[in-house]
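Visitor: Supplied in structure tokens, the structure appears directly below.
Numbering (this note's numbering), first residue to last: 1 to 76.
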């Protein structure tokens, strides 16, 4: 009995999933445009974050070198 119930449940879930996909097929071009736009936004944010990391890293290295040179000159 459990197997029959499980198979019926699977059948209805597959039918519902197919119906939802058929409804979404109407919106496929819109969904594709949305996915392309979302991908561009994520790439832009990732690139900006990487650029910011490089800038912060560069500034921290410059500051460390300047502070090191300052203390080195102060000791002399």
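Positions of the beta carbon are idealized from the N, C-alpha and C atoms, including for glycine.
Using only the alpha-carbon positions, how far apart do residue 22 and residue 46 sit?
Guide: 34 Å
Visitor: What is the rounded straight-line gap between the Cα of residue 38 and the Cα of residue 26?
Guide: 20 Å
Visitor: Could you check the C-alpha separation between residue 44 and residue 30 for me, to the nearest Å?
Guide: The straight-line gap separating the alpha-carbon atoms of residue 44 and residue 30 is approximately 21 Å.
Visitor: So for residue 26, helix, strand or coil by DSSP?
Guide: coil
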